[in-house]
Amino acid sequence: MSQLSVAQKLALVGGVTMILAVFVAGWILISPLFLSRTVDEQFPHAARAEVPPGMTRPQVEQQMGDAAQIEKPISEPMPVMPSPIAASSVASSASPIAGSSASPIAASSAAPGKPAGSEPRLTAIGEFDVVDSVHKGQGKAAIFRLPDGSHLLRLEDFRVTNGPDLRVVVTGHVKPTNRQEVHLEPFADLGTLKGNVGSQNYEWPRNVDPARVKTVVIYCRAFGVVFSRAALGSPSR
């Protein structure tokens, strides 16, 4: 058998290198679809947050339950996760334990005697939806106004189909389906999605008025694909 020439050897090495590069790039793009990353964060400012005047904790729980019922059901099996809302109902008479993961969304009003504005205040909530048979989400998105006047986005009981280059963004469009609609003002990118499963916190940009934002979107920036949306509404509606 004749030996390979230098040119043939170089061509062989180049071909193998190209195949490896394509494989690595493909794995980077596709692997998130088969892998999940769980990130669970505590609500950073208080174990219990203030709800709007005129609402009680049962009313908030009922509202969130009603919202969940009208969302399109997710057809793929989802792991059963204990509801912090239900847990807080059972222990409504107990004092919050430091470091507990009780849901700030379903928290009771501030304790009597506390000055107004001394607790984070829930200002908007929404439920993540199912975009199509592949891109699915569930859980809540909530905006809190903090005592210092800043805002915080909280994803709670959250789960979404994983994917490459996922970002948490907010938009002025009620139900965006493409890149152009996602970027409707007021648009803001709150950063990389920390995990496709779990309860997480995201700092709200100070130059964006949360009252003008319509929807929180889990968005694949690389391909301009919407993975899930949570249309925001007033917690008192």
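If you count by my numbering, then the sequence shown holds residues 1177 to 1413, one letter each, in order. All residues carry an ideal CB built from backbone N, CA and C; glycine is no exception.
- prompt: Of all the options Val1373, Glu1357, Val1384 and Asn1354, which has the alpha carbon lying nearest to the alpha carbon of Leu1366?
  reply: As a working note, residue 1366 is residue 190 in the sequence shown. Closest option to Leu1366, Cα to Cα, is Val1384.
query: With DSSP run on the structure shown, which of helix, strand or coil describes Glu1357?
result: Position 181 of the sequence shown, counted from the start, is the residue given in the question as residue 1357. Residue state, collapsed to three classes: helix.
- prompt: Just the Cα atoms here: how many angstroms apart are Thr1299 and Asn1377?
  reply: Here residue 1299 is taken as the residue at index 123 of the sequence shown, counted from 1. Here residue 1377 is taken as the residue at index 201 of the sequence shown, counted from 1. Each residue's alpha carbon lies about 15 Å from the other.
- request: Alpha carbon to alpha carbon, how far is Pro1323 from Tyr1395? Give it in angstroms, no decimals.
  value: For the purposes of this step, residue 1395 is taken as residue 219 along the sequence shown, with counting starting at 1. For the purposes of this step, residue 1323 is taken as residue 147 along the sequence shown, with counting starting at 1. The straight-line gap from Cα to Cα measures roughly 30 Å.
query: Quick one: what does DSSP say Arg1388 is sitting in, helix, strand or coil?
result: Counting from one through the sequence shown, the residue named residue 1388 turns up at place 212. Reduced to three states, the DSSP call for Arg1388 is helix.
field: Residues of its chain near Val1345, where Cβ-Cβ distance is below 6 Å and the 5 sequence neighbours each way are ignored
entry: Residue mapping note: residue 1345 aligns to position 169 of the sequence shown, counting from 1. So the list reads Asp1365, Val1393 and Tyr1395, once near-sequence residues are dropped.
field: Cβ neighbours of Lys1370 in the same chain (closer than 6 Å, five flanking residues each side left out)
entry: Against the sequence shown, residue 1370 aligns to sequence position 194. Answer for Lys1370: Val1215 and Gln1376, listed in chain order.
- request: Taking His1327 and Thr1391 to be in contact with their CB atoms under 8 Å, please state how far apart those CB atoms are, rounded to whole angstroms.
  value: Residue numbering aside, residue 1327 sits at position 151 when the sequence shown is read from its first letter. Residue numbering aside, residue 1391 sits at position 215 when the sequence shown is read from its first letter. Incorrect: roughly 16 Å between the Cβ atoms, too far for contact.
query: If you run the structure through DSSP and keep just helix, strand and coil, what is Ile1281?
result: Looking up residue 1281 in the sequence shown gives position 105. In this structure, Ile1281 counts as coil in the three-state DSSP scheme.
query: Would Ile1195 be called buried (16 or more neighbouring beta carbons within 10 Å of its own) or exposed?
result: Within the sequence shown, numbered from 1, the residue matching residue 1195 stands at position 19. It counts as exposed.
message: So, for Gly1374: in the same chain, excluding its five sequence neighbours on each side, which residues have a beta-carbon less than 7 Å away from its beta-carbon?
response: The sequence position of residue 1374 within the sequence shown is 198, counting from 1. Thr1214, Val1215, Asp1216 and Phe1334, listed in sequence order.
Candidates Ile1319, Ser1279, Ser1309 and Phe1219, of which the one nearest Arg1297 by Cα: As a first step, residue 1297 must be located in the sequence shown, where it is residue number 121. Checking every option, the nearest Cα to that of Arg1297 belongs to Ile1319.
- prompt: What number of angstroms, rounded off, separates the C-alpha of Ala1398 from the C-alpha of Asp1308?
  reply: Numbered from its first residue, the sequence shown carries residue 1398 at position 222. Numbered from its first residue, the sequence shown carries residue 1308 at position 132. Taking the straight line from one Cα to the other gives about 19 Å.
query: Buried or exposed: which applies to Pro1220, given that a residue is buried once 16 or more other Cβ atoms fall within 10 Å of its Cβ?
result: Stepping through the sequence shown from its first residue, residue 1220 is reached at position 44. Pro1220 should be labelled exposed.
- request: Reducing DSSP to helix, strand and coil, say where Ala1183 ends up.
  value: By 1-based counting over the sequence shown, the position of residue 1183 is 7. Here Ala1183 sits in helix by DSSP.
field: Residue burial classification, Glu1295 (beta-carbon count within 10 angstroms, cutoff 16)
entry: Indexing the sequence shown from 1 puts residue 1295 at position 119. Glu1295 should be labelled buried.
- prompt: What residue range is occupied by the uninterrupted beta strand (DSSP E) comprising Lys1316?
  reply: On the sequence shown, position 140 is the one that residue 1316 refers to. That run of the beta strand (DSSP E) goes Gly1313 to Arg1321.
- request: Could you give the DSSP three-state label for Gly1367: helix, strand or coil?
  value: For the purposes of this step, residue 1367 is identified with residue 191 of the sequence shown, where counting begins at 1. Strand, per DSSP.
- request: Name the two residues that bound the continuous beta strand (DSSP E) containing Ser1404.
  value: Taking the sequence shown and counting its residues from 1, the one referred to as residue 1404 is at position 228. From DSSP, the beta strand (DSSP E) with Ser1404 extends over Val1401 to Ala1407.
- prompt: Between Ile1281 and Glu1332, which are expected to be in contact by the criterion C-beta below 8 Å, what is the C-beta distance as a whole number of angstroms?
  reply: Here residue 1281 is taken as the residue at index 105 of the sequence shown, counted from 1. Here residue 1332 is taken as the residue at index 156 of the sequence shown, counted from 1. That belief holds up - the Cβ atoms of Ile1281 and Glu1332 are roughly 6 Å apart, short of 8 Å.
- request: Starting from the C-beta of Val1336, find all residues in its chain whose C-beta is less than 6 Å away, skip the five residues before and the five after it, and write them out in chain order.
  value: Counted from its first residue, the sequence shown places residue 1336 at position 160. Contacts found: Gly1313, Asn1372, Ile1394, Phe1403 and Ser1404.
message: Helix, strand or coil, according to DSSP, for Gly1302 in the structure here?
response: Locating residue 1302 in the sequence shown gives position 126, counting from the first residue. If DSSP states are grouped into helix, strand and coil, Gly1302 belongs with the strands.
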